[in-house]
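Visitor: Structure incoming, see below.
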Amino acid sequence: MVSDSAPLDSSFEYSGPGSFKMQFSSYACNTGMWALNIRTTNSNYQARLASMSGVMYGHSSVRFAAITDGTSNTAAFAEHGHSLLDPSIRNYYQWWSSGYYTDNMFDSYWPLNAQKSAVRGLFSNGDYEEYLPIFVSSFHPGGANMAFVDGSVRFIKETIDTWRNDPGTGDPPGVTWDSSQSTYVVGPGAKVGVFQALTTRAKGEVVSADQY
1 MVSDSAPLDS SFEYSGPGSF KMQFSSYACN TGMWALNIRT TNSNYQARLA SMSGVMYGHS
61 SVRFAAITDG TSNTAAFAEH GHSLLDPSIR NYYQWWSSGY YTDNMFDSYW PLNAQKSAVR
121 GLFSNGDYEE YLPIFVSSFH PGGANMAFVD GSVRFIKETI DTWRNDPGTG DPPGVTWDSS
181 QSTYVVGPGA KVGVFQALTT RAKGEVVSAD QY
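Structure (C-alpha cells):
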C-alpha cells in the first residue's frame, strides 16, 4: 500500500536535549466519520467515545460482532501520503510509533485527497493544520488504497460519493459541533455519502462494490 516518495526517516528536534530519527507511516487506521483526541481525563470522555463510528480509535474496544455493517463493507486501514504534508509540519505528524489521532488514524470527515478538493484552500490556514494528517491521501492517480476488515484491499476513487464540505468552513451540511459534549453530531438533514459509509461499523448503510 506504500505510495509515498519521501525517505523513510527524518530528523526531528524536540524540546529536550539531543535529537533522534523518526520514521513515518504511509497508512492509518479507520477512526470513523471524524477523529477526536479522546482522553479518560475529559469530563465528556464517555460521550466522545460513544460518538466514534469507526473500528480503531483512542480507547476503542470494538469486536467483530459490533461491525454489523459487515467486515467487507467496513474499512480498517487506508493510505495517507506523508510527503504531501507541508515541509514546515512534516516532522510533527504521522509518526509510525504513535497512537495519537494525527499520527496513525484517518477519518472520512474530509474527502479523499482533500488537498486537491474544493476545501484545499483551508489547509493554508494554521487553524486547520491538525486536519492535514488525518484525511485519506496517496500519490496514486485518482484515488487511494483501502484495506477492509475482512482483509480485502480495494482502490477507492476520488470520485466516490461523499458529503460536500463547505469550502469556507470545511463543515459538511447538517453536521454540527456539540460544544457541550465536545463531539460532532450528524443531523437529520446531513447527507452521508458512500465514502463515509465505508468508515462506519454499525450505521446500517448498504454499499455495493460498484459505488466506489
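First residue of the sequence shown? That's 1 in UniProt numbering, and the numbers climb one at a time after it.
For glycine and all other residues, C-beta sits at the position ideal for the given N, C-alpha and C.
Remember, it's a predicted structure, so these values are computed and weren't measured experimentally.
1) Among the residues of its own chain, which have a CB less than 7 Å from the CB of residue 2, if the five just before and after it don't count?
2) What are the start and end residues of each continuous alpha helix (DSSP H) run of 4 or more residues lying completely inside the UniProt domain "DUF1559" (19-161), in chain order?
3) I'd like the span of the beta strand (DSSP E) that includes residue 185, first residue to last.
4) Just to confirm, are residue 192 and residue 64 a CB contact at a threshold of 9 Å?
5) Measuring only the C-alpha atoms, how far is residue 117 from residue 175?
6) Within 10 angstroms of the Cβ of residue 144, are there 16 or more other Cβ atoms? Answer buried if so, exposed if not.
7) Run through the DSSP bridge pairs and tell me what residue 176 is partnered with.
8) Tell me the rounded alpha-carbon separation between residue 48 and residue 94.
9) Along the alpha helix (DSSP H) that carries residue 192, what are the first and last residues, could you check?
10) Restricting to Cα atoms, I'd like to know which of 39, 74, 91 and 60 is closest to residue 21.
11) Please classify residue 108 as buried or exposed, where buried requires at least 16 neighbouring CB atoms within 10 angstroms.
12) Would residue 172 be called buried (16 or more neighbouring beta carbons within 10 Å of its own) or exposed?
13) Please state the DSSP three-state secondary structure of residue 210.
14) Which of the three DSSP states, helix, strand or coil, is assigned to residue 197?
15) Return yes when the Cβ of residue 110 is within less than 9 Å of the Cβ of residue 104, no when it is not.
16) Give the single residue among 138, 55, 98 and 165 whose Cα lies nearest to the Cα of residue 69.
17) Tell whether a beta-carbon distance below 9 Å holds between residue 36 and residue 137.
18) Could you pull out every residue in the same chain whose Cβ sits closer than 6 Å to the Cβ of residue 158, ignoring the five residues on either side in sequence?
Guide: Short version:
1) Only weak support exists for where residue 2 lies, its pLDDT of 49 falling under 50; the value from the coordinates is given anyway. Closer than 7 Å at Cβ, skipping near neighbours: 26.
2) 45-50 and 101-104
3) 183-186
4) no
5) 19 Å
6) buried
7) 185
8) 22 Å
9) Element bounds for residue 192: n/a, residue is neither H nor E.
10) 91
11) buried
12) buried
13) helix
14) helix
15) no
16) 55
17) no
18) 112, 113, 142 and 143
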